[in-house]
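Engineer: Counting with mature numbering (1 follows the signal peptide of the UniProt record, and there is no 0), you get residues -16 to -1, 1 to 132 for the letters of the sequence shown. Before I ask anything, let me first share the structure, which is written out below as structure tokens.
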Amino acid sequence: MKLTVVVATLYGLALASPTPPAAEKKLPWHEANLGIATKLSPLEFARQPEHIQGTWFYCWRFDGPRRLWPDENYTSFEDCRAKHYKAAWVPGNSSAPCDSDTGYKLENCGTIAYCMQYDIEGDQPFPALFDSSDECSDFYESGPTVEA
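Structure below.
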């Protein structure tokens, strides 16, 4: 009988104790839907949901005019980005050009070459979204590691 009382008491205490807060779940990264985005005016594009604009443009709105802010609880671009996963790492495409004529497209160059190009004065990707290769690299997930 005493054992039953002790077990019941401990069980009650376990239920009453506060549970630790769950780790905040990050939101997925979305690439811009260029098939739709290129058909819209800039103002129409600015009012689209995240899955159309893509996460980068969507979060950027929080550093813009308040009237363009989506109905979310973010305070800035950085706050919005921190609550999303990073953009996916992109492997290079050896059959596609990675040069100034193509604007150093991410899908051609791959994440490593694309980001390194931001440190070359006067020959950066177009449009230039970052100020340095470090800022660019931090924006993307880590790529595969090569073991020696």
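Backbone N, C-alpha and C define an ideal beta-carbon position, used for all residues, glycine too. Computed from a predicted model, the values in this text were never measured in an experiment.
Drop a sphere of 10 angstroms on the beta-carbon of E34, count the other beta-carbons inside from all chains shown, and report buried for 16 or more, exposed for fewer.
Structural biologist: For this step, residue 34 is matched to residue 50 along the sequence shown. Flag for E34 reads buried.
Engineer: Would you mind stating whether Q108 and Y124 have Cβ atoms separated by less than 9 Å?
Structural biologist: For the purposes of this step, residue 108 is taken as residue 124 along the sequence shown, with counting starting at 1. For the purposes of this step, residue 124 is taken as residue 140 along the sequence shown, with counting starting at 1. Not closer than 9 Å, so no.
Engineer: Leaving aside the five residues before and after A112 along the sequence, list all residues of the same chain whose C-beta is less than 6 Å from its C-beta, in chain order.
Structural biologist: Taking the sequence shown and counting its residues from 1, one reaches residue 112 at position 128. Around A112: no qualifying Cβ.
Engineer: Just grab the DSSP bridge partners of A71 for me.
Structural biologist: Translated into positions along the sequence shown, residue 71 becomes position 87. Answer is Y124.
Engineer: By alpha-carbon positions, which one of N92, V74, C82, E28 ends up nearest to P128?
Structural biologist: Taking the sequence shown and counting its residues from 1, one reaches residue 128 at position 144. Ranking the options by Cα distance to P128, first place goes to V74.
Engineer: Quick check on this structure: which residue in E56, W40, E91, D83 has the alpha carbon closest to the alpha carbon of K70?
Structural biologist: Here residue 70 corresponds to residue number 86 of the sequence shown, with the count starting at 1. Comparing Cα positions, the closest option is W40.
Engineer: In the structure shown, what three-state DSSP assignment does L113 receive?
Structural biologist: Residue 113 sits at position 129 when you count from the first residue of the sequence shown. Three-state DSSP puts L113 in coil, outside helix and strand.
Engineer: Count Cβ pairs between the stretch 37 to 52 and the stretch 79 to 97 that sit closer than 8 Å; are there 3 or more?
Structural biologist: No, because fewer than three Cβ pairs between the stretch 37 to 52 and the stretch 79 to 97 fall closer than 8 Å, the two stretches do not touch.
Engineer: Residue range of the alpha helix (DSSP H) that A21 falls in?
Structural biologist: Locating residue 21 in the sequence shown gives position 37, counting from the first residue. Segment 18 to 21, the alpha helix (DSSP H) holding A21.
Engineer: How long is the line joining the alpha carbons of N77 and L90, rounded to whole angstroms?
Structural biologist: Along the sequence shown, one-based indexing puts residue 77 at 93. Along the sequence shown, one-based indexing puts residue 90 at 106. When rounded, the distance between both Cα atoms is 9 Å.
Engineer: In its own chain, which residues sit with a C-beta less than 8 Å from the C-beta of T59, not counting the 5 before and 5 after it?
Structural biologist: As a position in the sequence shown, residue 59 is number 75, starting the count at 1. The answer, listed in chain order, is F46.
Engineer: So is N92 buried or exposed if we call it buried at 16+ other beta carbons inside 10 Å?
Structural biologist: Position 108 of the sequence shown, counting from 1, holds the residue named residue 92. N92 should be labelled buried.
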